[in-house]
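Enquirer:
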Amino acid sequence: MQIWVDADSVPLIAKDLIIKTAERTQTKAIFVANQPIKLRKSPLLVMTVVPSGFDKADDYIVEQIQPGDLAITSDIPLANDILDKGGMVLTTRGVVYDKNNIKQKLNMRDFMDTMRGTGVLELQEMSGQKPYGDRDKKAFADGLNKLVR
């Protein structure tokens, strides 16, 4: 197993938990983003910088992931593609996406995109993502510990 991290949007707290888990379990963690992020020197930690552009990091992860690998992302279409390739998906808020729940999440995302695109939802009616808190950190740590052994 390898851990693939959609690193463009991973909170610092989650990044630190991924690094600690990778080192504790001797599991390689590959951080993928279109700009470098600082990682400590370790053969288990890899920073892969992809060209700038829409979904370049996502495309790279999907190309590289193998069945049984774990991806850390909150990107629902990316999660769906990873599941199609036999990978596992954990969000930084501790939600595990699988074949039983991803289609519902994908449908809701597409529905909300349509609502925004048609102007049915005004910008002020859309709720942003709530701050990353202690509950999220614990849920993520618990999920990571269950999936990476």
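Position 23, counted from 1, in the sequence shown is what the working numbering calls 38; the numbers after and before it change by one each time, with no gaps. In this text, a Cβ means the ideal position worked out from N, Cα and C, and glycines have one as well. As the structure is a prediction and not an experimental result, all values here were calculated from the model.
Could you give the distance in angstroms between the alpha-carbon of residue 108 and the alpha-carbon of residue 155?
Expert: Mapped onto the sequence shown, residue 108 falls at position 93. Mapped onto the sequence shown, residue 155 falls at position 140. Using only the alpha carbons, I get a separation of about 5 Å.
Enquirer: My output table needs one value for residue 21: the three-state DSSP class, helix, strand or coil.
Expert: Taking the sequence shown and counting its residues from 1, the one referred to as residue 21 is at position 6. Of the three classes helix, strand and coil, the one that applies to residue 21 here is strand, per DSSP.
Enquirer: Hey, would you say residue 44 sits closer than 8 Å to residue 59, going by beta carbons?
Expert: Numbered from its first residue, the sequence shown carries residue 44 at position 29. Numbered from its first residue, the sequence shown carries residue 59 at position 44. Cβ distance < 8 Å, so residue 44 and residue 59 count as in contact.
Enquirer: Mind checking who residue 61 pairs with in its DSSP beta bridge?
Expert: Residue numbering aside, residue 61 sits at position 46 when the sequence shown is read from its first letter. Answer by DSSP bridge pairing, in chain order: 45.
Enquirer: With distances taken from CA atoms, which of 161, 48 and 55 is nearest residue 19?
Expert: Locating residue 19 in the sequence shown gives position 4, counting from the first residue. For residue 19, the nearest C-alpha among the options comes from 48.
Enquirer: Buried or exposed: where does residue 46 fall if 16 or more other Cβ atoms within 10 Å of its Cβ makes it buried?
Expert: As a working note, residue 46 is residue 31 in the sequence shown. The residue is buried, with at least 16 neighbouring Cβ atoms inside 10 Å.
Enquirer: Is there a Cβ from chain C that is less than 8 Å from the Cβ of residue 39?
Expert: Chain labels in this structure do not include chain C; a single protein chain is all it has.
Enquirer: Let me make sure I understand the geometry here. Which of 50, 53, 65 and 85 has the alpha-carbon closest to that of residue 160?
Expert: The count along the sequence shown starts at 1 and reaches residue 160 at position 145. Among 50, 53, 65 and 85, the Cα nearest to that of residue 160 is on 85.
Enquirer: Could you check if residue 68 is buried or exposed, using at least 16 other CB atoms within 10 Å of its CB as the buried criterion?
Expert: The count along the sequence shown starts at 1 and reaches residue 68 at position 53. Looking at its Cβ environment, which holds fewer than 16 other Cβ atoms inside 10 Å, residue 68 is exposed.
Enquirer: Return helix, strand or coil for residue 54, following the three-state DSSP convention.
Expert: One-based indexing of the sequence shown puts residue 54 at position 39. Correct three-state label for residue 54: coil.
Enquirer: Check the C-beta distance from residue 17 over to residue 42 and give it rounded, since I have them as a contact under 8 Å.
Expert: The residue labelled residue 17 in the question sits at position 2 within the sequence shown. The residue labelled residue 42 in the question sits at position 27 within the sequence shown. About 7 Å separates the two Cβ atoms, so the contact holds.
Enquirer: Going by CA-CA distance only, name the one from 105, 34 and 157 that's closest to residue 57.
Expert: Along the sequence shown, read from residue 1 onward, the residue named residue 57 stands at position 42. If we check each option's Cα against that of residue 57, 34 comes out closest.
Enquirer: Taking the alpha helix (DSSP H) that residue 77 falls in, what are its first and last residues?
Expert: The residue given as residue 77 occupies position 62 in the sequence shown. 71 to 79 is the span of the alpha helix (DSSP H), which, as asked, contains residue 77.
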